[in-house]
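For the sequence shown, the positions run 100 to 549 when this note's numbering is used. Even glycine gets a Cβ: it sits at the ideal position worked out from N, Cα and C.
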Amino acid sequence: MAEPKKNRDSFGSKIGIVAAAAGSAVGLGNIYRFPCEAGNNGGGAFLIVYLIVVLVLGIPAMLSEFVIGRSAQANPVGSFKKLAPKTAWPIVGYLGVICGFIILSFYSTVSGWTLEYIVKSVANDFHGKDLAAIEQDFADFHNMGWKNVLWQAIFIFLTGFVVFKGVQNGIEKYAKILMPVLLLILVVLGVRSLTLPGAKEGLTFLFNPDFSKITGKVLINALGQAFFSLSVGMGAMITYGSYIQKNDNLTTTALSVTLADTLIAILAGIVIFPAAFSFGIRPEAGTGLVFNTLPLIFNQITGGYFFCIIFFVLLAVAALTSTISLLEVVVAYFVEELHMTRKGATVVACVANMALGVFASLSLKTGTSIQIAGLPLFGALDFFSSNILLPLGGLLIVLFVGWFMGKKRFYKEVTNEGEVKLHVKGVILFIIRFIAPVAIAIIFVSGLVK
Ligand code: PFF
Numbered sequence: 100m101a102e103p104k105k106n107r108d109s110f111g112s113k114i115g116i117v118a119a120a121a122g123s124a125v126g127l128g129n130i131y132r133f134p135c136e137a138g139n140n141g142g143g144a145f146l147i148v149y150l151i152v153v154l155v156l157g158i159p160a161m162l163s164e165f166v167i168g169r170s171a172q173a174n175p176v177g178s179f180k181k182l183a184p185k186t187a188w189p190i191v192g193y194l195g196v197i198c199g200f201i202i203l204s205f206y207s208t209v210s211g212w213t214l215e216y217i218v219k220s221v222a223n224d225f226h227g228k229d230l231a232a233i234e235q236d237f238a239d240f241h242n243m244g245w246k247n248v249l250w251q252a253i254f255i256f257l258t259g260f261v262v263f264k265g266v267q268n269g270i271e272k273y274a275k276i277l278m279p280v281l282l283l284i285l286v287v288l289g290v291r292s293l294t295l296p297g298a299k300e301g302l303t304f305l306f307n308p309d310f311s312k313i314t315g316k317v318l319i320n321a322l323g324q325a326f327f328s329l330s331v332g333m334g335a336m337i338t339y340g341s342y343i344q345k346n347d348n349l350t351t352t353a354l355s356v357t358l359a360d361t362l363i364a365i366l367a368g369i370v371i372f373p374a375a376f377s378f379g380i381r382p383e384a385g386t387g388l389v390f391n392t393l394p395l396i397f398n399q400i401t402g403g404y405f406f407c408i409i410f411f412v413l414l415a416v417a418a419l420t421s422t423i424s425l426l427e428v429v430v431a432y433f434v435e436e437l438h439m440t441r442k443g444a445t446v447v448a449c450v451a452n453m454a455l456g457v458f459a460s461l462s463l464k465t466g467t468s469i470q471i472a473g474l475p476l477f478g479a480l481d482f483f484s485s486n487i488l489l490p491l492g493g494l495l496i497v498l499f500v501g502w503f504m505g506k507k508r509f510y511k512e513v514t515n516e517g518e519v520k521l522h523v524k525g526v527i528l529f530i531i532r533f534i535a536p537v538a539i540a541i542i543f544v545s546g547l548v549k
């Protein structure tokens, strides 16, 4: 068993932890993936299920990860080795590292698009274009495979650079300043979107649930989206939890991160759907939904040129604070378990990730043969990691905290050895022990059967 280094990094201030964990949670998952999933799964019906899943399963899972990480003070694999020596539990940690690696390989594809869209917006490329022209540009960009790959490589390089610099100098500093600005610009966009002609239909789509649309597929997609968006189920929050100081309150941290994450996802929905309906973009448009709708909104805003640039810069930053946490899981494992230097670990992880990521990007070309089970590799990796590995990881994590760690150790960690008064700790433990595992298992099985 590898002993964690004595001088492990930790987050300097309370706002630093919340900002970094929220930085991991808030990303393309909220602004790009949430509208896509909601659009494909019935809008309001999806939103309701999503919110319930976040509340009942997401928060307990995130808290469980913090509990594991802070009590073990190690990466996901090391944490399980330390808390459950000579058992099979470290497999959960390995699954997490693999899942982080897979998510990063396709997440960096979409992250790369944000860079392309920064360049396009600086060049005023969207100006005066209608929906057909903007959709054509998006398709052309995919079909120019090398350009996707180049942006993806640049994005992975940027991520590696921040991760290499370490926790305090890197992650915390960047996350703290920029996330609130992103929130602000989403509010401005939301106001514009809501005042477009025909916006009401989009609002109805998002907020007026048709309960008959709730199927096994919607349940598993909502579960996958919730875990993806909250960054839980693969040990990212175990890793970040290991950097949280002993006197910080884990429960309020989990609540604040979840609140910020959910708020941004709903705001993204309020920006995208009214505008999409107004411009005649179908909610099931998939990858193009967000990237085609946004430029059209900017074309309708006074000062849209500048807003557009700022928005895509912030979207890239939001993606970066998420890719950092994905890469950090892999790097922390390499450093602490395989005893690599931080620099070596970062280089190896980035190069290996790019090797898989290239194929994810190229699989989006029209008529691609890079497919698994009839899905382009990009979609297959997304489905496998979000809808299978994350729920499985989340299930095992709550089982571990609820049943293996047990009541005494759980209470000790969430109350900071009695310092924090947490009156609902019994309720939380009950959810972690009974409700969360049963619900995740049911949704998981019902989704897989489909
Ligand atoms: N939560 C991120 C998002 O919503 O964009 C994606 C993500 C980051 C998933 C880190 C998982 C993770 F460990």
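Give the single residue among the options whose Cα lies nearest to the Cα of residue i.
i           : options               : result
residue 423 : 523, 439 and 452      : 452
residue 386 : 257, 115, 133 and 116 : 133
residue 146 : 264, 308, 289 and 253 : 308
residue 496 : 326, 380, 345 and 426 : 326
residue 483 : 547, 512 and 463      : 547
residue 431 : 236, 219 and 263      : 263
residue 149 : 313, 226 and 299      : 313
residue 446 : 257, 157, 420 and 195 : 257
residue 298 : 380, 224, 217 and 339 : 380
residue 408 : 183, 191, 394 and 195 : 394
residue 454 : 200, 242 and 316      : 200
residue 129 : 473, 389, 527 and 489 : 389
residue 195 : 211, 175, 476 and 287 : 175
residue 426 : 306, 410, 450 and 412 : 450
residue 251 : 285, 235 and 212      : 212
residue 416 : 144, 230 and 261      : 261
residue 156 : 322, 241 and 399      : 322
residue 541 : 181, 315, 444 and 529 : 315
residue 489 : 192, 140, 344 and 214 : 192
residue 491 : 529, 216, 429 and 198 : 198
residue 512 : 154, 171 and 122      : 171
residue 302 : 412, 234, 487 and 143 : 143
residue 238 : 310, 283, 391 and 158 : 391
residue 503 : 532, 514 and 479      : 532
residue 318 : 518, 136, 516 and 122 : 136
Give the DSSP-derived three-state secondary structure of residue i in the structure shown.
i           : result
residue 551 : Look at the range of the chain in this structure, 100 to 549, and you will see that residue 551 is not part of it.
residue 551 : Absent from the structure is residue 551, since the part of the chain shown begins at 100 and ends at 549.
residue 308 : coil
residue 463 : coil
residue 254 : helix
residue 245 : helix
residue 239 : helix
residue 543 : helix
residue 420 : helix
residue 493 : helix
residue 333 : coil
residue 532 : helix
residue 413 : helix
residue 401 : coil
residue 381 : coil
residue 343 : coil
residue 212 : helix
residue 229 : coil
residue 172 : coil
residue 188 : coil
residue 487 : helix
residue 523 : coil
residue 221 : helix
residue 105 : Note on residue 105: pLDDT 45, under 50, position unreliable in the model; the coordinate value appears next. Coil.
residue 140 : coil
residue 130 : helix
residue 517 : coil
residue 430 : helix
residue 456 : helix
residue 348 : coil
residue 183 : coil
What are the residues that DSSP puts in a beta bridge with residue i?
i           : result
residue 470 : 475
Round the Cβ separation of residue i and residue j to the nearest angstrom and send it over; I've been treating them as touching at under 8 Å.
i           : j           : result
residue 584 : residue 167 : With the chain represented from 100 up to 549, any question about residue 584 goes unanswered, as that position is not in the structure.
residue 300 : residue 376 : 4 Å
residue 396 : residue 545 : About 37 Å separates the two Cβ atoms, so there is no contact after all.
Pairing CB atoms from the segment 203-216 with CB atoms from the segment 453-466, are three or more of them under 8 Å?
yes
Mind the definition here: the segment 511-527 touches the segment 355-369 only if three or more C-beta pairs lie below 8 Å; say whether that holds.
no
Does the pairing of the segment 160-179 with the segment 320-338 give three or more beta-carbon distances under 8 Å?
yes
For the 8 Å Cβ check, are there 3 or more pairs between the segment 367-385 and the segment 336-355?
no
Within the chosen definition, does the segment 219-227 reach the segment 398-405 through at least 3 CB pairs nearer than 8 Å?
yes
Assess contact between the segment 459-476 and the segment 237-250, defined as three or more Cβ pairs (one per stretch) separated by less than 8 Å. Is contact present?
yes
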